[in-house]
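> In the UniProt record's numbering, the protein residues as written are 1 to 1086.
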Amino acid sequence: MTSIIKLQCLSGGTDSESPHCYLLQIDEYRILLDCGWDEKFSFEGIKELRKHVNEIDAVLLSYPDMLHLGALPYAVGRLGLNCPVYATIPVYKMGQMFLYDVYQSHHNQEDFNLFSLDDVDAAFDKFVQLKYNQTVQLKGKGTGLTATPFPAGHMLGGTVWRITLDDEEDIVYAVDYNHKKERHLNGCSILDVTHKRRPSLLITDGLNLTYQQARRRVRDEQLMTTILTVLRGGGNVLLAIDTAGRVLELTHMMDQLWRQQDAGLLAYSLALLNNVAFNVVEFAKSQIEWMSEKLMKSLSEGSRVNPFQFKYVQICHSIQELNRIPDPKVVLASLPDLECGFSRDLFHNWVQDRKNAIILTSKTSPGTLARHLIDNPNLKELELEVRKRIRLEGRELEDHKFRLKETKKPLRRIKSEKLGKLGGAVESSDSESDDEVLVGDHLGTAVKDGAIRHDLIVLRNPNSDKPTSYAIPIPDSKSAVGLVLKGGASGSKAIKGSGAGTSAAAFQTFAPKSHRHPMFPHSEERIKSDDYGQVIRPEEFAMLERGGLDGTEDNKENYLLGLDEEAVVEVEQPSKCTRELQTVTVNAGIHFIDFDGRSDGDFLKRVVTQLKPTHLVVVRSGAESQAACKALTELAIKSGVQRCHLMSNRQVIEASVESHIFSVLMDEALLANLDFVALNTSNRSGDDQATEQLAWIEAVIRKRKRVREEPSIAGKDDDPVIAKDEYVDVLEPLPENEKPGFHSALFINDLKLSDFRETLNRKGISAEISSGILWCCNDTIALRRPVAGGQIALEGVLSESYFLIRDLLGCAVHGEMPKTKKYSILLPTYNERENLPIIVWLLVQTLETAGINFEIIIIDDASPDGTQEVARNLAEIYGVERILLRPRPGKLGLGTAYVHGLKHCSGDYVIIMDADLSHHPKFIPRFIEAQMKGDFDIVTGTRYEGNGGVSGWDMKRKIVSSGANVLTQVLLQPGVSDITGSFRLFKKPVLENLMAAATSKGYVFQMEVIVRARAAGYRISAVPITFVDRLYGESKLGATEIIQFAKGLLSLFATVPCPSDTFGANVGFIAVLLVFGVAFSAFVLG
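1) Give the single residue among 870, 933 and 997 whose Cα lies nearest to the Cα of residue 989.
2) Which residues in the same chain have their Cβ closer than 6 Å to the Cβ of residue 273, if we skip the five residues on either side of it in sequence?
3) What's the gap between the Cα of residue 930 and the Cα of residue 782?
4) So what does DSSP say about residue 17, is it helix, strand or coil?
5) Could you tell me the alpha carbon to alpha carbon distance between residue 229 and residue 223, rounded to whole angstroms?
6) Out of curiosity, what's the CA-to-CA distance linking residue 843 and residue 875?
7) Rounding to the nearest angstrom, what Cα-Cα distance links residue 373 and residue 590 in this structure?
8) Just mark residue 5 as buried or exposed, buried being the case when its beta carbon has 16 or more other beta carbons within 10 Å.
9) For residue 169, does the count of other Cβ atoms within 10 angstroms reach 16, so buried, or fall short, so exposed?
10) In terms of residue numbering, what span does the beta strand (DSSP E) encompassing residue 577 cover?
11) Mind checking residue 620: buried by the 16 CB within 10 Å criterion, or exposed?
12) When the Cα of residue 625 is compared with those of 771, 208 and 978, which residue comes out closest?
13) Return the residue from the list 27, 9, 28 and 764 that minimises the CA-CA distance to residue 20.
14) Check whether the region 1017-1026 touches the region 936-948, taking contact to mean three or more Cβ pairs, one atom from each stretch, closer than 8 Å.
15) Where does residue 1096 land, buried or exposed, given buried means 16+ other C-beta within 10 angstroms?
16) Quick check on residue 760: does DSSP put it in helix, strand or coil?
17) Tell me the rounded alpha-carbon separation between residue 983 and residue 892.
18) How would you write the range of the alpha helix (DSSP H) that residue 924 sits in, first residue to last?
19) So, at 6 Å on beta carbons, what are the nonlocal neighbours of residue 16 in its own chain, with the 5 sequence-adjacent residues on each side left out?
20) Determine which residues share a DSSP beta bridge with residue 828 and list them.
21) Beta carbon of residue 623: closer than 7 Å to some heavy atom of the ligand GTP?
22) Is it buried or exposed, residue 862, if we count other Cβ atoms within 10 angstroms and call 16 or more buried?
23) Run the CB neighbour count on residue 269, radius 10 Å, all protein chains shown included, and call it buried at 16 or more, exposed below.
24) Measure the C-alpha to C-alpha separation of residue 468 and residue 318 and round it to an integer number of angstroms.
25) Looking only at its chain, what residues have a beta carbon closer than 8 Å to the beta carbon of residue 529, apart from the 5 residues adjacent to it on each side?
26) Among the candidates 26, 27, 245 and 11, whose CA atom is the shortest distance from the CA of residue 91?
27) Can we say the region 571-581 touches the region 385-398, given the rule of at least three CB pairs closer than 8 Å?
28) Three-state secondary structure (DSSP) at residue 647?
29) Going by CA-CA distance only, name the one from 920, 856 and 916 that's closest to residue 901.
30) Between the C-alpha atoms of residue 645 and residue 7, what's the straight-line distance to the nearest angstrom?
31) Mind checking who residue 329 pairs with in its DSSP beta bridge?
32) Around the Cβ of residue 39, are there at least 16 other Cβ atoms within 10 angstroms (buried) or fewer (exposed)?
33) Along the alpha helix (DSSP H) that carries residue 300, what are the first and last residues, could you check?
34) Going by other Cβ atoms of all chains shown within 10 Å of its Cβ, with 16 needed for buried, is residue 408 buried or exposed?
35) Just to confirm, are residue 123 and residue 73 a CB contact at a threshold of 8 Å?
36) What residues in its chain sit with their C-beta under 8 Å from that of residue 673, if we drop five residues either side in the sequence?
Spelled out as structure tokens, the structure:
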């Protein structure tokens, strides 16, 4: 590996249990490995992240919980992180549930403003969702880098990442994995991640190094015994669990226990309580394919009942819903740290009752309430901060209403002024069922999220029993109370006693008797029903995003009349947050039963000794595991690991395999004066050559202060600033008086005798390898590689062949191997399904036998007979590097087909020919030989010289073809005997120039190319060929083509100058035109 690899620990070092967040730099590409945030929302890691947020090119996420992606909304919404985020599909779905629940849990108890739900959505808009074992190519500066997720266990969608550099070296990032199979997840097969290839770098955590994981059966029995004891004693059980990760394991387990008739649990209640419980269960139902084989098998066999179609688990989203469930009960509530959420509320309510039990299922971060209880199992009293959000009442509510009213006074004045200007802008419909929406000035202004408040006013039509609804936008206010419709409400029902009097008053205020059209005398005809006759009622489609009732007199005007009272749900009320420190007695039983689902220290040691990475980096272990981490590094060194690191926060380590690689910047003046020399890096076959360049650098390394951009908190880029105390190494050119006068010779290429033998064979020199010696020219010259030195010795009689071989050897050693010429063959096709496989087979056999480097480009004009499908099959058989299909949408002409094909040619020469077997590929080597002898620009096949001719033609076609050729010879004076032929070889630049000047599309294109080549002075040679009639299909030549040919001929005669005198050309044109007319008549009349 020649890449520079650096790893920086932003958070999650071995000196703490802070969340995972690491910056991996591979050359200039920077990858953020996880973006976690702790339960206390500490800003220590955020400060480090802010320094590098603008440099991050990609984010890889391992798990959906807060410790792995909790800071992502803040990084995107506040710091301006803007890059793709790669994660598995379950991490994407369940990660949203985690963040929604965390936000709502904090919002229910305090004013939470670190991130909003919009920030969460913005962060997840950047996700690139992957499946296990799906390799993704990293973009931009990450060319050559791939990332692949592998199953990690622990949580649904959990990932072990493998980052591969140029398909040679692997970097494995594996934290919090679980190798043991669980009820809903398979175990992690981390030893299979690298395909038994030794990884260059392994990044893993040491949190559980000192932990010995108990057997699953022992844990299950302990949990079952504790729950039964408490329930039979009349108490309740609280299981503090996460939102959408480990909760799936426990919930599935508990539901299965309740299903067992002999368990004695049917008399008790079981509930799942968090803000997104319903969505979590629904997502779990749809992701069975990500779970264990046992669950997938249970879904595909037997009853086909979804394993997460719970029978006894009751879904709750609030304490009020939970209170409706009878005691005793078991409640799985979020969050596991007891810092906020429903678990904290239930803990506060239940902890002082001796009958109850609190079961903690995971070891959360130090400083949290749950961790405090785990570390102090004999705690009797506890200082607990009780945070609540309560509605305003009494004097506080009156003060709030007064402030709200004062705020709305100017808005109300604007509203009344605009309503007065409307005049008769509203009129009820004459039809009983026609509902109209007010069209006029928007009285309201856009609220923060882009929504506009609307008041729906029900008007009572005197001629109808049905009311008419109007939507009038009104200004919003910060304290407006939103109303949400539950659904199914009808406009014919009123709420809170709003009757005809209210409707009439509303009618008099907002509904003038006639429409006014102050600008255009046009009345829009409104659609009264849809295509199926259903009457359209606008109020059924009204979006009520803000506005509503707060009990004030002003809002009584804005009642949604005609709706059932139960259909109105208040989503926001004036409230405040309170904090109170209380001393609570811990009477309930506190139990810690580990259901965290992480591998223990024994398995981590086994991973290190079996994988044997070149570098080992241990992260996030905590103070308790420091000694165990040092013991792990000693074991790793004994097992063959070259270097081990115990990372601490803010530490940067150099993880490159090659220890003598350094990163330096190159001065622009130095780069501009470098003299590059081509280096041949051809493959063994010698056909495909990739040219690299080398240059001597005469420079010195100097220190310069780094200039970088500091990101702002709002995510906007500031002006570039010079970073304090940060320097970078820069290569600067040496002064002229210090530069050396010369450089000694340096051999770069490691020439293989087998490669050089192929080079000699292509030059017509016989060569064979025997006993490690390359014998040439009937064993008169030998090339051998001495035992020492790695050089090649050339021995033999001094002759012309000796010096030729010596020159070729020198070119090969110095990276100047002559480039093999490549030929691109253009095959225009239309309905050539039967002919195409034969012509391609002949081409491949002929050209490979002759040792010609080639490609075949098929240009098909949307043939209806399936020609394109045949071409695709041929590409699979012979290889896509040999056969290229470049189709077009329709039959656009022969000339434009060549233009289209030329755009995709990669050869040095272009050969055009027919695909109907009229042109045999055996003539192509003769074309190439003729071109090389005289370095001709064009070689054309001719039917009218030497042993050339036609086969399989009747007299009619011979007369037409000969007449056309004679006519063009007399009229255009092309200088070649067969101007209408279509079997030719061109130098690619020559054909590009001719096509740029050509204007013909059909068969005239062949003539125009030759005529313009003659006019441009290109050198043309001819090779006799035999033209054979097609085997399958019908000829494309008909009356239409002949007419187009005649028109094109006249156009060329008029536009391209001829070398002969004009009078002779005109006489010839008139004479031959008569002959051509007779031939044309014979062709048409048969």
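Just so you know, even glycine gets a beta-carbon here, dropped at the ideal spot from N, CA and C.
Once the coordinates are examined:
1) The residue you call residue 989 lines up with position 989 of the sequence shown. Per the Cα distances, 997.
2) Locating residue 273 in the sequence shown gives position 273, where the first residue counts as 1. If we look at residue 273 and ignore the five residues flanking it on each side, its Cβ neighbours are 316, 322, 331, 333 and 342.
3) Within the sequence shown, residue 930 is the residue found at index 930, counting from 1. Within the sequence shown, residue 782 is the residue found at index 782, counting from 1. Using only the alpha carbons, I get a separation of about 33 Å.
4) Along the sequence shown, one-based indexing puts residue 17 at 17. It is coil, neither helix nor strand.
5) Numbered from 1 along the sequence shown, position 229 holds the residue referred to as residue 229. Numbered from 1 along the sequence shown, position 223 holds the residue referred to as residue 223. Going by the C-alpha atoms only, they are around 10 Å apart.
6) Counting from one through the sequence shown, the residue named residue 843 turns up at place 843. Counting from one through the sequence shown, the residue named residue 875 turns up at place 875. In a straight line, the C-alpha of residue 843 is about 14 Å away from that of residue 875.
7) Translated into positions along the sequence shown, residue 373 becomes position 373. Translated into positions along the sequence shown, residue 590 becomes position 590. Taking the straight line from one Cα to the other gives about 7 Å.
8) Numbered from its first residue, the sequence shown carries residue 5 at position 5. Buried, by the Cβ-count rule.
9) Indexing the sequence shown from 1 puts residue 169 at position 169. Result: buried.
10) Locating residue 577 in the sequence shown gives position 577, where the first residue counts as 1. Residues 575-585.
11) Numbered from its first residue, the sequence shown carries residue 620 at position 620. With 16 or more other Cβ atoms within 10 Å, it is buried.
12) In the sequence shown, residue 625 corresponds to position 625, counting from 1. If we check each option's Cα against that of residue 625, 208 comes out closest.
13) In the sequence shown, counting from the first residue as 1, residue 20 sits at position 20. When only C-alpha atoms are compared, the closest one is 9.
14) yes
15) The requested residue 1096 does not occur in the structure, where the chain is confined to residues 1 to 1086.
16) As a first step, residue 760 is located in the sequence shown; it is residue number 760 there, counting from the start. Three-state result, residue 760: helix.
17) Position 983 of the sequence shown, counted from the first residue, corresponds to residue 983. Position 892 of the sequence shown, counted from the first residue, corresponds to residue 892. The straight-line gap from Cα to Cα measures roughly 20 Å.
18) Taking the first residue of the sequence shown as 1, we reach residue 924 at position 924. Unbroken alpha helix (DSSP H) run through residue 924: 924-934.
19) Residue numbering aside, residue 16 sits at position 16 when the sequence shown is read from its first letter. Excluding positions up to five away in sequence, the list is empty.
20) Counting from one through the sequence shown, the residue named residue 828 turns up at place 828. DSSP output for residue 828 lists 859 as bridge partner(s).
21) The ligand GTP is absent from the structure shown, which contains no ligand whatsoever.
22) Counted from its first residue, the sequence shown places residue 862 at position 862. Exposed, by the Cβ-count rule.
23) Walking along the sequence shown from the start, residue 269 turns up at place 269. By the neighbour-count rule (16 or more Cβ atoms within 10 Å), residue 269 is buried.
24) Numbered from 1 along the sequence shown, position 468 holds the residue referred to as residue 468. Numbered from 1 along the sequence shown, position 318 holds the residue referred to as residue 318. At residue 468, the pLDDT of 42 sits below 50, so the modelled position is not reliable; the number obtained from the coordinates is stated separately. Rounded to whole angstroms, the separation of the alpha carbons of residue 318 and residue 468 is 38 Å.
25) If you number the sequence shown from 1, residue 529 lands on position 529. Excluding residues within five positions, the ones whose Cβ falls inside 8 Å are 535 and 536.
26) Within the sequence shown, residue 91 is the residue found at index 91, counting from 1. The candidate whose alpha carbon is nearest that of residue 91 is 245.
27) yes
28) Residue mapping note: residue 647 aligns to position 647 of the sequence shown, counting from 1. Reduced to three states, the DSSP call for residue 647 is coil.
29) Stepping through the sequence shown from its first residue, residue 901 is reached at position 901. Here the closest residue by C-alpha is 856.
30) For the purposes of this step, residue 645 is identified with residue 645 of the sequence shown, where counting begins at 1. For the purposes of this step, residue 7 is identified with residue 7 of the sequence shown, where counting begins at 1. About 11 Å.
31) Stepping through the sequence shown from its first residue, residue 329 is reached at position 329. According to DSSP, residue 329 bridges with 269.
32) Counted from its first residue, the sequence shown places residue 39 at position 39. The residue is buried, with at least 16 neighbouring Cβ atoms inside 10 Å.
33) Along the sequence shown, one-based indexing puts residue 300 at 300. Per DSSP, the unbroken alpha helix (DSSP H) holding residue 300 starts and ends at 293-300.
34) Taking the first residue of the sequence shown as 1, we reach residue 408 at position 408. With 16 or more Cβ atoms within 10 Å of its Cβ, residue 408 is classed as buried.
35) As a first step, residue 123 must be located in the sequence shown, where it is residue number 123. As a first step, residue 73 must be located in the sequence shown, where it is residue number 73. Against a cut-off of 8 Å, the Cβ pair of residue 73 and residue 123 comes out as a contact.
36) As a first step, residue 673 must be located in the sequence shown, where it is residue number 673. These residues qualify, in order along the chain: 733.
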